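*Asks:* What follows is a structure written as structure tokens; I'll ask about it next.
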Amino acid sequence: MGRRVFIGLTALGALGVAVGGQVQNFLSNAAGSGLGGVLPFGDRFRIYSITNTYPKISRSAYRLEVSGLVERPMTFTLDDLEAMPATTFKKTFQCVTGWKVPDVEWHGVQLSHILETVGVKPEGAFLTFESYDGSDTETLTIDQAHLPDVIVAYQMLGAPVTREHGGPVRLYVAPMFGYKSLKWLSAIRVVTELAPGFWEQNGYPVNAWLDGSTGANNPDPGLT
Amino acid sequence: MTVTTPSSTSRRVVGVLRFDRVQRAAHWVNALLFTVLIATAIPLYFGSFFGLILARHPVEEVHLWTGIALPVPIIVSLVGPWGRQMRRDVRRFNYWTREEVAWMRSLGRSPLAAEKFNPGQKLNAIFVAASILIMLVTGSMLKWFRFFSVSQREGATFVHDSLAAVLVVVIIGHLFMAITHRESLRSIFKGTVSEEWATTHAPTWLRELRERHEVPES
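Okay, here's the thing in structure tokens:
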């Protein structure tokens, strides 16, 4: 009897793993966004930071430095970024460990536009991103950086990007897992060789396509 | 199994052994691990607040290794020559009489001459055992996510988080029952309950001990 209950509960757990994703979607739709933020089945951000605290950068102090193999190295203020052509879209934020927040509104400048502004030299093949936290780094190929839904975001969820979400300015790489969307973006460098980012040095794939592909259907030269 | 006071000339029975040393040790190590798991789970789950004051990574590591250690005291207390009473009690969880099933179905209203553990306690033990297994598996899936599809990771997150919430409720219930039942609470510290307690709360168990001559007839 006890054994049957034990096996039954364990089977329920296995079933939960199999269909939990769909159940979660159903429940969070039913519960609405109010409850969704608190309950375990809710679509909520889990805030990660690889350092002890969240960097605090004021609007006026914020600078984005773009350098490396570029024709015109530049430093952008938040006003500069806001003056550039903006793009807005809704996309799911999907974490590699299995939580997601659907239909997040993102607003910012396409990375491709910034790269055109500074002019990437022909030998530039990769981008390295740095964070105000002083530790996190990320990387993209030049071709990946030109995808239309890879943006330097200064608004998220309909408001300026908050400190915990990586504000005032963060990267958002829509087609890849969340760890590619580096927070508190401080610098972009154009380089010739791939330098794996923080999470990639800790075993996560450099190419973090959401569809799990190796990038065969995506612009992905030189990476495995 | 009786405990006698060493100074007495006649063997004076002071109580009936409910939990032996091994079981008590396993319980308290288990309780400590559960406490650490919950204490580390809170900042991990509510990271948007705690992220301001705590580094996530060390908290994550503590949570992970405490979780992996969780089954250890239970397994150690079950195997080996010291685990006789623990094994016997685990077998009790598997054994349900018709009266016990009826008692559980009526939520404790039907009559029952309780065994060592009443059906509610048995169900709790089975639930916690199954939960530990499920939390261990789903937690491992989140740590070593590479081997699983995104949908499986979502499912594992869902199960791990939901079950954690249920477990917290069950543990609060366990603590409530413990502090409102002083004598059974004492037995997880000292090991023994009085014969009066056993007569009222676990008469079938007391009869079993007497039949085995582990407690003398009164």
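Chains as they are written, first to last, in my numbering: chain A, 13 to 236; chain L, 7 to 224.
In this text, a Cβ means the ideal position worked out from N, Cα and C, and glycines have one as well.
Everything numeric in this text was worked out from a predicted model, so none of it was measured.
1. Less than 7 Å between C-beta atoms, sequence neighbours within five positions excluded: which residues of the same chain meet that for residue 91 (chain A)?
2. Would you say residue 100 (chain L) lies against chain A (beta-carbon separation less than 8 Å)?
3. Please list the terminal residues of the continuous beta strand (DSSP E) segment that includes residue 121 (chain A).
4. Tell me which same chain residues have a C-beta within less than 7 Å of the C-beta of residue 65 (chain L), skipping the five on either side of it?
5. Looking at the secondary structure, which residues open and close the beta strand (DSSP E) in which residue 80 (chain A) lies?
6. State yes or no: is the C-beta of residue 202 (chain A) within less than 8 Å of the C-beta of residue 82 (chain A)?
7. State the beta-bridge partners of residue 184 (chain A) as determined by DSSP.
8. For chain L, find out if any of its Cβ atoms is closer than 8 Å to the Cβ of residue 48 (chain A); answer yes or no.
9. From which residue to which residue does the alpha helix (DSSP H) around residue 72 (chain L) run?
10. With DSSP as the reference, please indicate the residues paired to residue 199 (chain L) in a beta bridge.
11. Taking only beta-carbon positions, decide if residue 61 (chain A) is within less than 8 Å of chain L.
12. Within 8 Å (strictly less), CB to CB, does residue 22 (chain A) reach chain L?
13. By a C-beta neighbour count over all protein chains shown, 10 Å radius and 16 as the cutoff for buried, is residue 48 (chain A) buried or exposed?
14. Hey, out of L:160, L:100, L:127 and L:121, whose CA is closest to residue 113 (chain L)'s CA?
15. Taking only beta-carbon atoms, is residue 111 (chain A) less than 8 Å away from chain L?
16. Is the Cβ of residue 168 (chain A) closer than 8 Å to any Cβ of chain L?
17. Note down, in chain order, all residues in the stretch 37-52 of chain L with a beta-carbon under 7 Å from any beta-carbon belonging to chain A.
18. Below 8 Å on the Cβ atoms is my contact criterion, and I expect residue 110 (chain A) with residue 217 (chain L) to pass it. Report the Cβ-Cβ distance as a whole number of Å.
19. Given 7 Å as the limit, tell me if residue 159 (chain L) has its C-beta closer than that to any heavy atom belonging to the ligand MN.
20. Closer than 7 Å, Cβ to Cβ, to anything on chain L: give me those residues from the stretch 26-37 of chain A, in chain order.
21. Do we get a CB-CB distance below 8 Å when we pair residue 62 (chain L) with the residues of chain A?
22. Inspect the beta-carbon positions of residue 25 (chain A) and residue 140 (chain L) and report whether they are closer than 8 Å.
23. If you pair each beta-carbon of the stretch 142-155 of chain L with each one of the stretch 93-106 of chain A, do three or more pairs fall below 8 Å?
24. What residues in the stretch 140-161 of chain L have a beta carbon less than 9 Å from any beta carbon of chain A?
25. Are the stretch 26-34 of chain L and the stretch 85-94 of chain L touching by the rule of at least three beta carbon pairs closer than 8 Å?
26. Could you tell me how far apart the beta carbons of residue 145 (chain A) and residue 61 (chain A) are, in whole angstroms, since I believe they sit closer than 8 Å?
27. Who are the Cβ neighbours of residue 46 (chain A) in its own chain at under 7 Å, not counting the five residues just before and after it?
28. With the cut-off set at 8 Å, would you say residue 73 (chain A) and residue 119 (chain A) are in Cβ contact?
29. How big is the Cα-Cα spacing for residue 106 (chain L) and residue 124 (chain L)?
30. Would a C-beta distance cut-off of 8 Å place residue 140 (chain A) and residue 220 (chain A) closer than the cut-off?
31. For residue 211 (chain A), count neighbouring Cβ atoms within 10 angstroms of its own Cβ and tell me buried if that reaches 16, exposed if not.
32. Taking the straight line between their C-alpha atoms, what separation do you get for residue 220 (chain L) and residue 146 (chain L)?
33. Using a Cβ cut-off of 8 Å (strictly closer), state whether residue 65 (chain L) contacts chain A.
34. Name the residue from L:72, L:21 and L:61 whose alpha carbon lies nearest to the alpha carbon of residue 44 (chain L).
35. Run through chain L and tell me which residues come within less than 8 Å of residue 13 (chain A), C-beta to C-beta.
36. Do residue 76 (chain A) and residue 181 (chain A) have their beta-carbon atoms positioned less than 8 Å apart in this structure?
*Replies:* In brief:
1. none
2. yes
3. 112-122
4. Within the same chain, 46, 49 and 50 come within 7 Å of residue 65 (chain L) by CB-CB distance, once the 5 residues on both sides are set aside.
5. 75-80
6. For the pair residue 202 (chain A) and residue 82 (chain A), the CB atoms are nearer than the 8 Å cut-off.
7. A:163, per the DSSP bridge assignment.
8. Only weak support is given to the placement of residue 48 (chain A): the predicted model assigns it a pLDDT of 46, under 50, and the value that follows is read from those uncertain coordinates. Judged by the 8 Å Cβ criterion, residue 48 (chain A) is not in contact with chain L.
9. 62-75
10. L:22
11. yes
12. yes
13. Unreliable placement is indicated for residue 48 (chain A), whose pLDDT of 46 sits below 50; no coordinate value is reported for it.
14. L:127
15. Cβ-Cβ to chain L under 8 Å: yes for residue 111 (chain A).
16. no
17. The stretch 37-52 of chain L vs chain A, Cβ under 7 Å: nothing.
18. That belief does not hold up - the Cβ atoms of residue 110 (chain A) and residue 217 (chain L) are roughly 53 Å apart, past 8 Å.
19. The ligand MN is absent from the structure shown, which contains no ligand whatsoever.
20. 28, 29, 30, 31, 32, 33, 35 and 36
21. yes
22. yes
23. no
24. 140, 141, 143, 144, 147, 148, 149, 151, 152, 154, 155, 156, 157, 158, 159, 160 and 161
25. Between the stretch 26-34 of chain L and the stretch 85-94 of chain L there are three or more C-beta pairs closer than 8 Å, enough to call the two in contact.
26. Contact flag correct, Cβ pair sits at about 7 Å.
27. Confidence at residue 46 (chain A) is low in this model, with a pLDDT of 49, below 50, so the placement of that residue should be treated as unreliable; the coordinate-derived value is given next. If we look at residue 46 (chain A) and ignore the five residues flanking it on each side, it has no Cβ neighbours.
28. no
29. 8 Å
30. no
31. It counts as buried.
32. Distance from the CA atom of residue 220 (chain L) to the CA atom of residue 146 (chain L), rounded to whole angstroms, is 43 Å.
33. No, residue 65 (chain L) does not count as interfacial toward chain A.
34. L:72
35. Here the neighbours are 100, 101, 102 and 107.
36. Yes, these two residues count as a Cβ contact at 8 Å.
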